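A short worksheet on the structure shown next.
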Amino acid sequence: MKKPYQKYVTFSGRLLIVGFGSIGSGVLPLILRHIAMPRKHISIITGDKRGAAIAKKEKISFRIEPLTKKNFKKIIDASLGVGDFLLNLSVDVSSVDLIEHCQKRGILYLDTVVEPWAGGYADPTLSLSDKSNYGLREKILALRNRTKRETTAVSCHGANPGIVSHFVKCALLQIAKDTGHHTAVPGTKQEWGMLMRDLGVKVVHIAEYDSQTAPAAKEVGRFENTWSVDGFYSEGINQPCEMGWGTHEKNFPADGRRHTHGSGAGIYLTRPGAATLVRTWTPEHGAFFGRAVTHNESISIADYYSLRKGSKTVFRPTVHYAYRPCDVALLSVEECLGNVSIQQKEQRILMDEIDRGMDELGVLLMGHKKGAYWYGSQLTIEQARRLAPYQNATGLQVTAGVLGGMIWAMEHPRAGIVEADEMDFKRIMEIITPYLGRMTGRYTNWTPLANRKAREDSSADFTDPWQFNNFRFF
């Protein structure tokens, strides 16, 4: 007899899921498994028919009704009230506006990314700084500073941003143990920053390699991916390349720009992240080129671990995403960039077609006594299919993060607006780990400058084509 799934929390309110693409479809069965609530209390509104068959199979109310600036308040108020939950998995819907409205109405909230309204990334009146994740995050922080409500709203809690912030804390504690640095588990932001500084960690890569493949080749004119095409296009091409900028850095990128407002934790480049190659490393694949795609965690992690003395920042790590997407997504990005960044009209999310591969997602902490340490999830497509329906490996890492964040929010309904770095990492890890495949920690002596000296000393007439974005972290 199959053992029943653990119910982590009982929720008596209503749940509205906004957006029902690959992540919405994937998280629904996890919600039904682990949150005790009646199915009749769950409803879905979305912008198109994707996921309709899954909603019907799971006996969940489903309707096509896109949220806009004009109608979102009316639609939310008709569906939710005090103590209910809004799960925002949409694109082209303003996260700031939804959070602000939920705060006023006492509605719990979670999203996986900060989004503007449709057209926000193409608005010619906005600067690159305004369109950046730094700029969008500052709007969330400004809302947090002015709101008097305490209803929990979790900003950016999927895989990354999201669970990778908890990976960082796990990694720091393991490095401390392995280097003989005796420490209690830090209880405050300041204490976590001091631990990172004292261990000598200067750089954090969110290092991900998606090796999932399908037999059929990518078709010309179609953007293919293992997760949201619109989401990848927005962050990889519409927004500028971004990273948290460390206090140890001595060489500023030629096309780097600083923001003129906010925490100052990050910088941006005047080019898209999908066109910016960076060296990184994971245990399964070793060294490879990743794309420095902008993500909220690049800024939030850098900001969270910053140490300040008065108005001066005395310690901050450099943090950025280094993403090697699956083969067809890589080809799709190259095709799109080659066509002056015009997005392909057709889309395809690989799901049942995938026949092998894994998503290897973790954090690579560099600069400490043992060199570099990668900690994260190695989840194969076979494991993902055994663990949950309607998933691939990439999607399950995200939906596990959504589930963990929702449960935490339900357990802490009066926490206000929070980011992943501020949440209880132990509780989140308890919930998500069963869905992440093999959790791996591995040390390496690799650095972004590995083997560069030998090449520079070579007598061969060779110019390194990637010299322009070699960030000298050490």
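First residue of the sequence shown? That's 47 in this note's numbering, and the numbers climb one at a time after it. Ideal Cβ placement from N, Cα and C applies to all residues, glycine included. As the structure is a computational prediction, the values presented were derived from the model and not from experiment.
- Taking C-beta atoms as the reference points, T92 and L154 fail to come closer than 9 Å.
- Inclusion of K472 and T225 in the CB contact set at 9 Å is not warranted, their separation being larger than that value.
- Look at the beta carbons and you see the segment 437 to 450 touching the segment 392 to 407: at least three pairs across the two are nearer than 8 Å.
- Rounded to whole angstroms, the separation of the alpha carbons of D405 and H294 is 31 Å.
- Annotated three-state conformation of N134 is strand, per DSSP.
- In this structure, F269 places its C-beta atom within 9 Å of the C-beta atom of A375.
- Ranked by Cα distance from L245, the first of K223, Q389, K185 and I145 is K223.
- DSSP assignment within the segment 459 to 497 yields the following whole beta strand (DSSP E) runs of 3 residues or more, N-terminal first: 463 to 465 and 484 to 490.
- As computed with DSSP, G408 is found in a beta bridge with A253 and G422.
- CA-to-CA, the gap between D94 and G70 works out to about 13 Å.
- C-alpha of A99 to C-alpha of G65: approximately 14 Å in a straight line.
- When secondary structure is reduced to three states using DSSP, W327 falls in the strand class.
- Taken through DSSP and simplified to helix, strand or coil, F213 comes out as helix.
- For A98, the uninterrupted alpha helix (DSSP H) run begins and ends at A98 to K103, by DSSP.
- Beta-bridge analysis with DSSP links H366 to H251.
- If you draw a 10 Å sphere on the C-beta of H307, you find fewer than 16 other C-beta atoms in it, and that means exposed.
- By the Cβ criterion, the segment 238 to 256 is in contact with the segment 408 to 428, since at least three pairs of Cβ atoms, one from each stretch, lie closer than 8 Å.
- Non-local beta-carbon contacts of V275 in its own chain, meaning distances under 6 Å to residues more than five positions away in sequence, involve F269 and Q393 in chain order.
- Under the DSSP assignment, R243 falls in the alpha helix (DSSP H) whose first and last residues are K235 to L245.
- For the alpha helix (DSSP H) assignment, the uninterrupted runs of no fewer than 4 residues enclosed by the segment 256 to 294 are, from N- to C-terminal side, 275 to 279.
- Q429 carries a helical assignment under DSSP once its states are collapsed to helix, strand and coil.
- DSSP places I347 within a helical segment (H, G or I) once states are collapsed to three.
- K48 has its alpha-carbon roughly 31 Å from the corresponding atom of V210.
- Sequence-distant Cβ neighbours of G302 in its own chain, meaning closer than 7 Å and more than five residues away, are I313 and L315.
- Per DSSP, R354 is not a residue of any alpha helix (DSSP H); the beta strand (DSSP E) it occupies stretches across L353 to K355.
- Comparing alpha-carbon positions, the option among I106, L433, G451 and E468 lying closest to I347 turns out to be E468.
- Taken atom to atom, the span from the alpha-carbon of L353 to that of Y419 is near 22 Å.
- For the 9 Å CB-CB criterion, H147 and A466 do not form a contact.
- Annotation for P112: no alpha helix (DSSP H) segment contains it, and DSSP assigns it neither H nor E.
- Just so you know, the alpha carbons of L433 and E161 end up roughly 30 Å apart.
- DSSP places Q393 within a strand segment (E or B) once states are collapsed to three.
- Here I221 is buried, its C-beta having at least 16 other C-beta atoms within 10 Å.
- Taking a C-beta distance under 9 Å as the contact criterion, N206 and H341 qualify as a contact pair.
- According to the DSSP assignment, D123 belongs to the alpha helix (DSSP H) that extends over F118 to S125.
- By the neighbour-count definition (other C-beta atoms within 10 Å, threshold 16), Y51 is an exposed residue.
- Looking at the backbone, the Cα of E288 and that of N117 are separated by about 33 Å.
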